[in-house]
Amino acid sequence: MTSANTGTEVGSFASRFNLQQYVVYLGFLAIFLFFAFMLKDSGFLTVRNLSNIVLQTAPVTIMAIGLVFVMSAGEIDLSIGSIVAVSALAAAVTIASYGMAAGIVAGLGAGILIGLINGALVAYVKLPSFLVTLATMGLFAGVSRSMTDLRSISVTNETFTGFFGSGSLLGVPSLIWWTVIAIAVGHLVYRETRFGAHLLATGDNARAASVSGISVPKIRLAVLTISGGLAGLAGLLYAGRLQAAKYTLGETDLMTVIAAVIVGGTLLNGGKGSIVGALVGSLMMGMLNNGLILMGLSVSDQMIVRGLIILTAVAVSLRDKSR
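Numbering (UniProt numbering), first residue to last: 1 to 323.
Right under this line is the structure:
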């Protein structure tokens, strides 16, 4: 066999096997095995600890699904953490005065409304999503602080807390049910509908998508609204699990969500993404945080590790996009 033929076969194999598609699964396995060995005497492998990782990452996974839609369309949403706080507080305050049903509507409605505002400014005023959501992130962070004068609001409605946080169905915690449902619906919409195909086309090349008849402004409006609504749902899950709402909810989640989405295979510049990959990326980040805490690392050390992971994931994402 000649060297030219060998090079051709290697190139053909490389084109079929794209490591970037599997890096999240390999990374997840590598981190799990590392912590399983290093923390075998610290309780990492106990059923309770592993189940806590899954439960704690549920709101992050829900937000990550929304961000997959946004980033696949070539946009970004930096306001999701602030939406979480506003939605949780809106739900808690409304439940105290008007009951569970009104509280759910208020919480989800707040998220959807903020998403609509973001989407309208991006789609029709034609402002960059980075600047729009950066501004609304600060704006609604201030709103959440002023809603209750920095006080925590207890959620005592047992039906609400059971449905959105501490309850279970058929022996499975409600947070896991919410995660499974969101992943299933998100994957179906993303992979099996015309809307999903259109948002991927928009992210890959917005001008070409517009020429082919796709309403790019409507896609941008829709994905940012979806992101806002799912961030609102994450706020309800936080309020249900913690049985309280506070302005700090979601405050540190943005970096984790972005990391989960990019590590999960969604390209930073749009045109490609994975809902299942975002789930694995979210679980990976949760497992990483849990393991680092058990190892005794400080918060600053944890931030450094997450930052390095994001840098690596972005480098792989941009390299894949440039091919």
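C-beta atoms are modelled at their ideal positions from N, C-alpha and C, and glycine is treated no differently.
Under the rule that a run must span 4 or more residues, the alpha helix (DSSP H) segments found entirely inside the segment 170 to 206 read 174 to 192, 194 to 204. I153 sits in a strand when the DSSP states are folded into three classes. In this structure, V223 sits away from A120, with a CB-CB distance that is not shorter than 7 Å.
Contact holds between the segment 54 to 64 and the segment 255 to 274, because three or more Cβ pairs, one in each stretch, are under 8 Å apart. When beta bridges are read from the DSSP output, A244 appears opposite S154. Along the segment 225 to 298, the alpha helix (DSSP H) occurs as fully enclosed runs of 4 or more residues at 253 to 263, 275 to 294, listed in sequence order. In this model, G281 and N118 are separated by some 26 Å (Cα to Cα). Per DSSP, reduced to three states, the secondary structure at S146 is helical.
The alpha carbon of L268 has as its nearest neighbour, out of I310, E251, L242, G235, the alpha carbon of I310. For L50, the enclosing alpha helix (DSSP H) stretches over residues 47 to 56. Classified as exposed, K40 has fewer than 16 neighbouring CB atoms from the shown chains inside 10 Å of its CB.
Closest option to V70, judged by alpha-carbon separation, among A58, L50, A231: A231. Excluding residues up to 5 positions away in sequence, L294 lie with their Cβ nearer than 6 Å to the Cβ of S42 in the same chain. Exclusion of the five residues before and after A141 leaves S82 as the residues of its chain whose Cβ lies within less than 6 Å of its Cβ. In the DSSP assignment, Y98 falls within the unbroken alpha helix (DSSP H) covering 80 to 98. Annotated as proximal: A90 and A106, with beta-carbon spacing under 7 Å. By the criterion of a C-beta distance shorter than 8 Å, Y247 is surrounded in its chain by A85, L89, A141, S144, R145, M147, T148, L150, once the five residues flanking it on both sides are discounted. Contact between N52 and M100 does not hold, since the beta-carbon distance rounds to 26 Å and is not under 8 Å. G296 counts as exposed, since fewer than 16 other C-beta atoms from the protein chains shown sit within 10 angstroms of its C-beta. When rounded, the separation of the alpha-carbon atoms in A244 and N205 is 43 Å. Around S174, the same chain offers G162, F163, F164, G165, S166, G167, S168, G240 as residues with beta carbons nearer than 8 Å, after the five sequence neighbours per side are excluded. The C-alpha of F37 is placed about 43 Å away from the C-alpha of I104. For V263, the closest alpha carbon among the candidates G213, L33, G307 is that of G307. Taking C-beta atoms as the reference points, G286 and T46 fail to come closer than 7 Å. Judged by DSSP in its simplified three-state form, S300 adopts helix. Around L292, the same chain offers Q302 as residues with beta carbons nearer than 6 Å, after the five sequence neighbours per side are excluded.
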